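Participant:
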């Protein structure tokens, strides 16, 4: 059985990508690996003793965003693996898709340049993934 990797970040665009990946998996008889990547934001003057607690909170929040996105999608008939990765999203998705038959991402996620057709993550995936990449257009109205 093959594997399709889908990038998830909680945005409407990534939800559309997850739906596409699930439908494609049903057609191919493949599984889906849903990937949420997170990075530690820069925070100045955080006491060292608080860092483990903050990291745990970030990991927990990331897992919840991923779980909520999967719960919102129709996963019937598809095995879905959940993967939460600490690090830059583009690199995490390219790594997760190194043995995949397809990588699916949204055209825009949480980046600041909402007018761009492709975000930095989708561009990185398109240029560096070892498998075909599908960039699902951003849904209208959001």
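Numbering (the numbering used here), first residue to last: 529 to 670. All C-beta atoms in this analysis are idealised placements derived from N, C-alpha and C, irrespective of residue type, glycine included. Owing to the predicted nature of the structure, the values given are computational and were not obtained by experimental measurement.
1. I'd like to confirm the pairing. Which residues does DSSP put opposite residue 614 in its beta bridges?
2. For residue 593, does the three-state DSSP call read helix, strand or coil?
3. Judging by CA-CA distance, which residue of 563, 588, 558 and 557 is the nearest neighbour of residue 634?
4. Is the distance from the Cβ of residue 553 to the Cβ of residue 606 below 8 angstroms?
5. I need the straight-line Cα distance from residue 567 to residue 613, nearest angstrom please.
6. Quick one, are the C-beta atoms of residue 630 and residue 662 less than 8 angstroms apart?
7. How far does the alpha helix (DSSP H) with residue 541 in it reach, from first residue to last?
8. Residue range of the alpha helix (DSSP H) that residue 649 falls in?
9. Would you call residue 541 buried or exposed, if buried means 16 or more other Cβ atoms sit within 10 Å of its Cβ?
10. Give me the Cβ distance between residue 632 and residue 593, rounded to the nearest whole Å; I'm assuming they're in contact under 8 angstroms.
11. By how many angstroms is the C-alpha of residue 599 removed from the C-alpha of residue 649?
Facilitator: So, from the data block:
1. Taking the first residue of the chain shown as position 1, residue 614 is located at position 86. The partner list for residue 614 (beta bridge, DSSP) reads 566.
2. On the chain shown, residue 593 is found 65 positions in, with the first residue counted as 1. Correct three-state label for residue 593: helix.
3. For this step, residue 634 is matched to residue 106 along the chain shown. The residue with the shortest Cα to Cα distance from residue 634 is 563.
4. Counted from its first residue, the chain shown places residue 553 at position 25. Counted from its first residue, the chain shown places residue 606 at position 78. Cβ atoms of residue 553 and residue 606: closer than 8 angstroms.
5. By 1-based counting over the chain shown, the position of residue 567 is 39. By 1-based counting over the chain shown, the position of residue 613 is 85. Each residue's Cα considered, the two are about 9 angstroms apart.
6. In the chain shown, counting from the first residue as 1, residue 630 sits at position 102. In the chain shown, counting from the first residue as 1, residue 662 sits at position 134. Contact flag set, yes.
7. Along the chain shown, one-based indexing puts residue 541 at 13. Element bounds for residue 541: 540-556.
8. Position 121 of the chain shown, counting from 1, holds the residue named residue 649. Segment 648-656, the alpha helix (DSSP H) holding residue 649.
9. To locate residue 541, count along the chain shown from 1; it is residue 13. Classification for residue 541: buried.
10. Walking along the chain shown from the start, residue 632 turns up at place 104. Walking along the chain shown from the start, residue 593 turns up at place 65. Between residue 593 and residue 632 the Cβ distance is about 17 angstroms, and since that is not below 8 angstroms, they are no contact.
11. As a working mapping, residue 649 is identified with position 121 in the chain shown. As a working mapping, residue 599 is identified with position 71 in the chain shown. Their backbone Cα atoms lie some 24 angstroms apart in a straight line.
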